[in-house]
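Everything on this sheet refers to the single structure shown next.
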Amino acid sequence: SPLVDGDQLITLVGGQQNSLVVSFDRKTGKELWRSLEDPAVGYAPPVIFEFGGQRELIVWHPTAVSAINPENGKLIWEVPYGVRYGLTIATPRKVGNRLFVASFYNGPRMIEVSPDGNRAKIVWAGKSDSEINSDGLHPIMMTPVFNGKNIYGVDSYGQLRGLDAKNGNRLWETEQATGKGRWWNAFIIPHEDRYFLHNEQGELIIANLTPTGYEELSRARLIEPTRRVQRRMTIWSHPAFAMKSVFARNDKEIIRVDLSAK
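To convert, count from 1 in the sequence shown and add 94; that's our numbering.
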């Protein structure tokens, strides 16, 4: 997705001649700057975070995680992280001076940015480059939740997992909220002291996710899955929350469900 930052529209274009990231004047379309080279773009949206008191444009592309000055496109730091088939899908997550990313085939990486914001390094990585025999977190469509101490997400074959953010060690896993199958997906949305989970079967779940495990509080079917993935029907569209309601869609309809207490 393009990123609007003030009067500029930042896009991932791809190709040679420093055209992976291109910034345009959002009013006129005039090119302002371009930066980085990568033949593939990936899927992760660009985001702006603050490190060391400076704003940094974070771009996770198929060969690296890069930080760019959003004012002029100059590279600040870069951490190599090549992923198979360009599957950079999850949005990078930031807590403090740490940045978390995870891909389906190549697993998770925790990046630490220096206090001045000008350097970065990988502090831990998943032990497996296999989505079949995974030890940490290999998500396909969802963005894991990183709260500083723990990480929660859905692995390659549907396992909902909790990880220790200090070292990436797995704390627990369950399939109670999900299912078992390649590319199984559920979106996790933090809300106050609990979480919404919207799984690919069209169910909305309210649950507690803690270092000790998963506790389901309620579950309801919102909408029917309509898209075939392997031998099952799925929904891979992210829900939206507004007006004390959840909005969900499949290939046939969009619905609004009231979440307010009656």
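The beta-carbon is built from N, C-alpha and C at its ideal position, and this holds for glycine as well.
Checklist entry - On the three-state DSSP scale, how would you describe Y179? => result Numbered from its first residue, the sequence shown carries residue 179 at position 85. In the structure shown, Y179 sits in a helix (DSSP, three-state: H, G or I).
Checklist entry - Buried or exposed: which applies to M337, given that a residue is buried once 16 or more other Cβ atoms fall within 10 Å of its Cβ? => result Your numbering for residue 337 matches position 243 in the sequence shown. The residue in question, M337, is exposed, as its Cβ has fewer than 16 Cβ neighbours within 10 Å.
Checklist entry - Cβ of T328 within 7 Å of any heavy atom in the ligand FMN? => result For the ligand FMN, the structure offers nothing, since it holds no ligand at all.
Item to check | Inter-stretch contact at 8 Å, needing at least 3 Cβ pairs: the segment 143 to 155 / the segment 109 to 129 | outcome: yes
Checklist entry - Using the C-alpha atoms, what's the distance from E269 back to G190? => result Here the question's residue 190 lines up with position 96 in the sequence shown. Here the question's residue 269 lines up with position 175 in the sequence shown. Cα-Cα distance, rounded: 31 Å.
Checklist entry - Per DSSP, Y289 forms a beta bridge with which residues? => result Taking the first residue of the sequence shown as position 1, residue 289 is located at position 195. P284, A301, per the DSSP bridge assignment.
Item to check | Where K243 falls: helix, strand or coil (DSSP) | outcome: Counted from its first residue, the sequence shown places residue 243 at position 149. In this structure, K243 counts as coil in the three-state DSSP scheme.
Item to check | R288 beta carbon less than 8 Å from that of I299 | outcome: Position 205 of the sequence shown holds residue 299. Position 194 of the sequence shown holds residue 288. Not a contact, by the Cβ cut-off of 8 Å.
Next on the checklist: Looking at the secondary structure, which residues open and close the beta strand (DSSP E) in which Q102 lies?
Outcome noted: On the sequence shown, residue 102 is found 8 positions in, with the first residue counted as 1. Segment 102 to 106, the beta strand (DSSP E) holding Q102.
Checklist entry - Is L126 helix, strand or coil when you go by DSSP? => result The residue labelled residue 126 in the question sits at position 32 within the sequence shown. Three-state DSSP puts L126 in a strand.
Checklist entry - Taking C-alpha atoms, which residue in L106, K121, G275 lies nearest to V141? => result Counted from its first residue, the sequence shown places residue 141 at position 47. Of the candidates L106, K121, G275, the one whose C-alpha sits nearest the C-alpha of V141 is L106.
Item to check | Neighbourhood of Q295 by C-beta, 6 Å cutoff - its chain only, sequence neighbours within 5 removed | outcome: Here residue 295 is taken as the residue at index 201 of the sequence shown, counted from 1. So the list reads P319, once near-sequence residues are dropped.
Item to check | Ordered list of beta strand (DSSP E) runs contained in the segment 110 to 179, each at least 3 residues | outcome: 115 to 119, 125 to 129, 141 to 145, 148 to 155, 158 to 162, 169 to 174
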